[in-house]
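**Student:**
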Amino acid sequence: MDAARARKLADRIAQIVAEMLERRVKDPRLGFVTVTEARLTNDLREATVYYTVYGSAEEQAGTAAALASATGLIRSEVGRQTGLRHTPSLTFVRDTVPEGARHMEDLVARAKAADAALAVVREGAQPAGDPDPYRAPGGAGEEDGDEDEDAEPGRVRGVAPGRGKGDLRR
319 MDAARARKLA DRIAQIVAEM LERRVKDPRL GFVTVTEARL TNDLREATVY
369 YTVYGSAEEQ AGTAAALASA TGLIRSEVGR QTGLRHTPSL TFVRDTVPEG
419 ARHMEDLVAR AKAADAALAV VREGAQPAGD PDPYRAPGGA GEEDGDEDED
469 AEPGRVRGVA PGRGKGDLRR
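Here our numbering is used: position 94 in the sequence shown is 412, and no number is missing along the way.
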């Protein structure tokens, strides 16, 4: 099937599942659930519904059990509202993206704290060497130009003959 059609149907399935969980499923184990995404295979036979649960590990386990027991009811409603010849089987998977995002935020906060600590140390720091390491010590008389008195005119100091700037031979 067309991938665009599968994407549209997956969005519709996510909407139907969210409405079912809000209005029709009355299981007390069902916690505060948010349907984040649904993915549908290209042959429209299997749908994976991703959800997040706000709460403790016990509440998350109870919600997973409630979703497993309500899968048949939700699947029949998905088939009725989508009008597909073969209603896709539903699989509920807890979405781990929020935990990953929280972990990344913690890492960024730690990096910012380390940068702030380095900035405090850097404020009072002095350079390890001379203020201008490229100036020769006792360089009286060398400030006026780049050329040496004993160097040949037109020759670059420190470069072997035939190996100047424009010569690309090796």
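Quick reminder that beta carbons are idealized off the backbone N, C-alpha and C, glycines included.
#1: Are tyrosine 368 and valine 411 touching if we call contact CB-CB under 8 angstroms?
#2: Under the assumption that valine 396 contacts isoleucine 331 (Cβ atoms under 8 angstroms), give the Cβ distance between them as a whole number of angstroms.
#3: Can you tell me whether aspartate 357 is helix, strand or coil according to DSSP?
#4: Using only CA atoms, which one of Leu327, Pro416 and Thr352 lies nearest to alanine 360?
#5: If the criterion is Cβ atoms closer than 8 angstroms, does the pair serine 407 and arginine 363 meet it?
#6: Give me whichever residues DSSP pairs with arginine 412 in a beta bridge.
#7: So, are the CB atoms of serine 374 and aspartate 345 less than 8 angstroms apart?
#8: Assuming valine 335 is part of the alpha helix (DSSP H), what are its boundary residues?
#9: If you run the structure through DSSP and keep just helix, strand and coil, what is threonine 405?
#10: Buried or exposed for alanine 434, going by 16 or more other Cβ atoms inside 10 Å?
#11: Could you check the C-alpha separation between alanine 383 and threonine 389 for me, to the nearest Å?
#12: Between threonine 381 and valine 351, how many whole angstroms is the CB-CB distance? I'm expecting something under 8 angstroms.
**Tutor:** Let me spell this out:
#1: yes
#2: 6 angstroms
#3: One detail in the question is off: residue 357 reads as arginine in this sequence, not aspartate. Arginine 357 falls in the strand class under three-state DSSP.
#4: The question names alanine, but residue 360 is asparagine in the sequence shown. With distances taken between Cα atoms, asparagine 360 lies closest to Leu327.
#5: yes
#6: Tyr369
#7: no
#8: 321–341
#9: Here threonine 405 sits in coil by DSSP.
#10: Alanine 434 is exposed by the Cβ-count criterion.
#11: 10 angstroms
#12: 6 angstroms
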